[in-house]
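Right, one structure below, let's go through it.
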Amino acid sequence: MKVATFNVNGVRSRLAHLLLWLERESPDIACLQELKAETHGFPMLDIRARGYEAIWHGQKSWNGVAILARGVKPVEIGRAMPGDPADEQSRYIEADVGEVRVGCLYLPNGNPQPGPKFEYKLAWFERLIAHAKSLYRLDKPVILAGDYNVVPTDVDIYDPKSWRKDALLQPQSREAYQRLLDQGWVDALRHLHPEEKIFTFWDYFRKHWERNSGLRIDHLLLNPPAAAMLKEAGVDRWVRGLPSASDHAPTWVVLDESADAIARAAPKSAAGSARSARAKRSPPRADPEK
571 MKVATFNVNG
581 VRSRLAHLLL
591 WLERESPDIA
601 CLQELKAETH
611 GFPMLDIRAR
621 GYEAIWHGQK
631 SWNGVAILAR
641 GVKPVEIGRA
651 MPGDPADEQS
661 RYIEADVGEV
671 RVGCLYLPNG
681 NPQPGPKFEY
691 KLAWFERLIA
701 HAKSLYRLDK
711 PVILAGDYNV
721 VPTDVDIYDP
731 KSWRKDALLQ
741 PQSREAYQRL
751 LDQGWVDALR
761 HLHPEEKIFT
771 FWDYFRKHWE
781 RNSGLRIDHL
791 LLNPPAAAML
801 KEAGVDRWVR
811 GLPSASDHAP
821 TWVVLDESAD
831 AIARAAPKSA
841 AGSARSARAK
851 RSPPRADPEK
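Its first residue numbered 571, the sequence shown is counted upward by one per residue in our numbering.
Given below as structure tokens:
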């Protein structure tokens, strides 16, 4: 099973890119962010023509998230991050797709910082951490996928010097992301490729794409049952190279659905912690970028 996350940066303006990617890479589940379209403007007919069903939560001009599933309708669980009923920004949607729980998120950017936007980012992060704790305990594979707008470490950026004041690299942002990992979540791409310079985002300035001056801010976090099935992880760089492309490239994992993998993913006793489960595995490595 291939599960991907892709910040499309405008689902209408980059619909052709999205459809081409779906046709060429055939993810079983695709989490989309930054739809930048109201709910009624989501191109469901075009997506269905490619063999996908979807649920989505749109917003005019900004934000917007969706979960696509090939050949099956996602069963919606919720369309807001718990913890603030007054928050009207479309940044989270959650669904069951078969036996897998998927949370698709678009975490606030937080710039400029300091200021109210950064405070909103940190508050949203706290809500995510609280909700992730309950999802982590589910006796089924869970994937939290999306644009986290955080560069976890300096390994995840081409050169941190000019970004030190950016909200994506602030100590508070990184500390919040680390607290997610401390719950036991596995950062899939970094787990399989611990030392490699792998990027998912290249901004439009100073020829950063051409120079491969990128950042890794799109992440797929796996709970223990999902991590036990982890087989491959990578980035579809070719999408970023298309004309007028999104500044993000799709990032993905492949989960092994064989009988052995499913047995590994079965609920274990309390003594079998996420860390011990990960330590027992030596998953094969795939080419992380193509």
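No residue lacks a Cβ here, since even glycine has one placed at the ideal position from N, Cα and C.
Can you have a look at A600 and say buried or exposed, based on whether 16 or more other CB atoms are within 10 angstroms of its CB? As a working mapping, residue 600 is identified with position 30 in the sequence shown. Buried, by the Cβ-count rule.
Grouping DSSP H, G and I as helix and E and B as strand, with all else coil, what is D598? The residue given as residue 598 occupies position 28 in the sequence shown. D598: coil per DSSP, three-state reduction.
Contact set for K767: own chain, Cβ-Cβ below 6 angstroms, skip 5 residues either direction: Taking the first residue of the sequence shown as position 1, residue 767 is located at position 197. If we look at K767 and ignore the five residues flanking it on each side, it has no Cβ neighbours.
Assigned exposure category for N577 - 16 Cβ within 10 Å defines buried: As a first step, residue 577 must be located in the sequence shown, where it is residue number 7. Classification of N577: buried, given that the 10 Å Cβ count is 16 or more.
Between which two residues does the beta strand (DSSP E) carrying E646 extend? Here the question's residue 646 lines up with position 76 in the sequence shown. Per DSSP, E646 belongs to the beta strand (DSSP E) from 645-648.
What separation, rounded to the nearest whole angstrom, lies between the Cα atoms of R845 and G754? In the sequence shown, residue 845 corresponds to position 275, counting from 1. In the sequence shown, residue 754 corresponds to position 184, counting from 1. In this prediction, R845 scores a pLDDT of 46, lower than 50, which makes its location untrustworthy; the coordinate-derived value is nonetheless stated afterwards. Rounded to whole angstroms, R845 to G754 spans 7 angstroms at the Cα level.
With K630 and E608 assumed to form a contact (beta carbons below 8 angstroms), what rounded beta-carbon distance in angstroms separates them? Along the sequence shown, read from residue 1 onward, the residue named residue 630 stands at position 60. Along the sequence shown, read from residue 1 onward, the residue named residue 608 stands at position 38. Yes, K630 and E608 are in contact; Cβ-Cβ is about 5 angstroms, under 8 angstroms.
Have a look at D788 and K710 and give me their C-alpha separation to the nearest angstrom. What you label residue 788 is simply residue 218 of the sequence shown in a count that begins at 1. What you label residue 710 is simply residue 140 of the sequence shown in a count that begins at 1. The alpha-carbon atoms of D788 and K710 are separated by roughly 23 angstroms.
Would DSSP call S839 helix, strand or coil? Stepping through the sequence shown from its first residue, residue 839 is reached at position 269. At S839 the pLDDT is 36, less than 50, meaning the model places this residue with poor confidence; the figure from the coordinates comes in the next sentence. Coil at S839, not helix or strand.
Buried or exposed: L615, going by 16 or more other Cβ atoms within 10 Å of its Cβ? Here residue 615 is taken as the residue at index 45 of the sequence shown, counted from 1. Result: exposed.
Helix, strand or coil: which one does DSSP assign to L861? Here the chain has residues from 571 to 860 only, and residue 861 is not among them.
Report the residue from S732, I637, R697, V823 whose alpha carbon sits nearest the alpha carbon of R776. On the sequence shown, position 206 is the one that residue 776 refers to. Considering only alpha carbons, the answer is S732.
Less than 6 angstroms between C-beta atoms, sequence neighbours within five positions excluded: which residues of the same chain meet that for R640? Against the sequence shown, residue 640 aligns to sequence position 70. Once the five neighbours on either side are set aside, the close Cβ partners of R640 are D598, G621, Y622.
Distance between L750 and P820 (C-alpha atoms, nearest Å): Position 250 of the sequence shown, counted from the first residue, corresponds to residue 820. Position 180 of the sequence shown, counted from the first residue, corresponds to residue 750. Answer to the nearest angstrom: the Cα atoms are 22 angstroms apart.
Name the DSSP beta bridge partners of G804, please? Residue 804 sits at position 234 when you count from the first residue of the sequence shown. Looking at the DSSP output, G804 sits in a beta bridge with W822.
For the ligand GTP, is there any heavy atom lying closer than 7 angstroms to the beta carbon of V721? Absent from the structure shown: the ligand GTP. Ligands present: none.
What is the DSSP secondary structure of R734, counted as helix, strand or coil? Translated into positions along the sequence shown, residue 734 becomes position 164. Under the three-state reduction of DSSP output, R734 falls in the coil class, being neither helix nor strand.
Apart from the five residues just before and just after D817, which ones in its own chain have a Cβ nearer than 7 angstroms to its Cβ? Counting from one through the sequence shown, the residue named residue 817 turns up at place 247. N579, F771, W772, D773, Y774.
Suppose you measure from the CA of Q683 to the CA of D830; what does that come to, to the nearest Å? Start at 1 with the first residue of the sequence shown, and residue 683 comes out as number 113. Start at 1 with the first residue of the sequence shown, and residue 830 comes out as number 260. Spanning the two alpha carbons is a distance of roughly 48 angstroms.
What separation, rounded to the nearest whole angstrom, lies between the Cα atoms of L762 and V823? To locate residue 762, count along the sequence shown from 1; it is residue 192. To locate residue 823, count along the sequence shown from 1; it is residue 253. So the two alpha carbons sit approximately 10 angstroms from each other.
Quick one: grab the DSSP three-state call for F771. Numbered from its first residue, the sequence shown carries residue 771 at position 201. Note: F771 maps to strand in three-state DSSP.
A702 beta carbon less than 8 angstroms from that of L692: Within the sequence shown, numbered from 1, the residue matching residue 692 stands at position 122. Within the sequence shown, numbered from 1, the residue matching residue 702 stands at position 132. No, the Cβ-Cβ distance between L692 and A702 is not below 8 angstroms.
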